[in-house]
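Okay, so here's the structure we're looking at.
Residue numbers (our numbering): 3 to 357.
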């Protein structure tokens with residue numbers, strides 16, 4: 003306690019509360035400043051001036067992995083409860099029922115809202131954008147989702163150049179049939195229309211395959227991908243379960259009599275079969291949504307592979323483009339030109355059609 007005189011009057015000043023406030027403020031500032039710049043709690047954003055028009059891709063990678071994994075937890079929770087609340091969104095082009103479940107909606111809300119909160123100026127497209135999220139979902143960045151040897155530099159790009167594609171639950175039909183091996187949650191980050199970060203999370207085995215083109219990949223993806231494919235390997239083509247009718251004859255017509263067919267579900271799962279060399283190519287002959295394929299495209303690119311339309315064009319994932327790829331796709335790790343040449347010759351012989 004001390005005294006000060008003002009206009010002839012004595013004023014008593016109690017220094018104890020002021021000292022306590024000063025100590026608390028110092029503790030708070032030290033707490034925040036001891037975090038890595040991109041891993042500080044979300045509230046830190048209120049205490050610093052950060053240019054929201056720039057996106058740190060290291061931070062984006064961490065958030066994308068977390069989003070896919072958190073979406074996967076929602077899928078698991080619904081599967082365990084068996085309260086699917088299934089309804090139909092209609093029929094696919096192949097005439098197959100296209101279901102929607104509570105897992106799709108819950109995963110969508112967690113994934114998209116979590117990403118949008120961290121990156122408010124980035125355009126994010128989700129398969130379930132029509133769904134209304136009843137409550138807000140958020141999370142803080144957790145760098146421990148990266149393994150210790152991951153090479154993830156701080157790279158900043160303009161937010162307007164970034165597009166994020168979210169698939170909250172790939173292979174919903176198989177999810178309702180309890181064919182859980184096909185189920186994935188996916189996030190893809192494209193810059194100037196090209197996919198550079200891809201995350202494919204498998205909720206039911208807990209594995210996450212991710213890659214940042216030119217930088218790093220998950221340990222799981224590295225172990226999944228063999229160093230060398232067998233020489234002169236006969237074609238093994240993975241196609242959708244819903245496309246099985248006539249697919250064998252089509253594959254033989256294109257790739258020869260020694261071709262094998264691997265029927266599977268989920269675009270993410272089929273890309274991982276190519277990565278693991280269980281299939282030499284993934285062939286899709288009808289239209290497909292970009293949230294189904296963007297993450298796989300990025301992962302294949304990071305491994306030196308290729309995904310193109312059946313017209314041998316790279317797929318543009320920019321915000322101004324249609325969310326639907328109408329030209330089919332061919333995805334490979336090797337021999338892409340050889341397979342595309344076979345496709346081209348078949349189409350020429352059949353008046354430009356794959357039938």
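Note that CB positions come from ideal geometry on N, CA and C, so glycine has one too.
Residue i versus residue j: straight-line alpha-carbon distance, rounded
i, j, result
"residue 43", "residue 116", "Confidence is the limiting factor: at residue 43 the pLDDT is only 45, short of 50, which leaves the residue's position unreliable and the question unanswerable from this model."
"residue 329", "residue 355", "12 Å"
"residue 304", "residue 255", "31 Å"
"residue 22", "residue 147", "38 Å"
"residue 278", "residue 227", "5 Å"
"residue 57", "residue 301", "21 Å"
"residue 257", "residue 145", "45 Å"
"residue 213", "residue 352", "38 Å"
"residue 118", "residue 349", "43 Å"
"residue 251", "residue 259", "9 Å"
"residue 342", "residue 183", "29 Å"
"residue 230", "residue 206", "28 Å"
"residue 38", "residue 137", "Residue placement at residue 38 cannot be trusted, given a pLDDT of 44 that sits under 50; what the coordinates show is reported in the next sentence. Roughly 30 Å between the two C-alpha positions."
"residue 86", "residue 141", "25 Å"
C-beta atoms of residue i and residue j nearer than 8 Å
i, j, result
"residue 171", "residue 105", "yes"
"residue 100", "residue 107", "no"
"residue 173", "residue 267", "yes"
"residue 191", "residue 62", "yes"
"residue 282", "residue 337", "yes"
"residue 121", "residue 293", "no"
"residue 325", "residue 272", "no"
"residue 64", "residue 143", "yes"
"residue 187", "residue 242", "no"
"residue 306", "residue 335", "yes"
"residue 189", "residue 69", "yes"
"residue 320", "residue 151", "no"
"residue 168", "residue 114", "yes"
"residue 234", "residue 153", "no"
"residue 195", "residue 318", "yes"
"residue 308", "residue 331", "no"
"residue 204", "residue 98", "no"
Sequence-distant residues of the same chain with beta carbon closer than 6 Å to residue i, five excluded per side
i, result
"residue 2", "Because the chain is modelled from 3 through 357, residue 2 falls outside the range shown and cannot be assessed."
"residue 36", "Bear in mind that the predicted position of residue 36 carries a pLDDT of just 49, short of 50, making it unreliable; the figure below should be weighed with that in mind. Taken in chain order, the list of residues that qualify is empty."
"residue 177", "185"
"residue 149", "221"
"residue 295", "269"
"residue 125", "165, 321"
"residue 80", "104, 105"
"residue 133", "107, 110"
"residue 225", "none"
Own chain residues within Cβ distance below 7 Å of residue i, not counting five before or after
i, result
"residue 222", "209, 210, 211"
"residue 112", "72, 73, 76, 139"
"residue 215", "198, 300, 303, 304"
"residue 289", "95, 326, 327, 328"
Own chain, CB closer than 8 Å to residue i, minus 5 neighbours either side, in chain order
i, result
"residue 102", "88, 89, 90, 91, 130, 174"
"residue 280", "238, 240, 264"
"residue 313", "329"
"residue 157", "58, 59, 60"
"residue 162", "55, 123"
"residue 261", "236, 237, 238, 239, 253, 254"
"residue 275", "240, 264, 266, 281, 284"
"residue 160", "55, 56, 57"
"residue 315", "329"
Beta-bridge pairing of residue i - partner residues as DSSP gives them
i, result
"residue 164", "193"
"residue 284", "240, 333"
"residue 101", "90"
"residue 361", "As displayed, the chain neither begins before 3 nor continues past 357, which places residue 361 out of reach and without an answer."
"residue 200", "190, 213"
"residue 119", "Residue 119 is not bridged to any residue."
"residue 126", "166"
"residue 290", "327"
"residue 265", "241"
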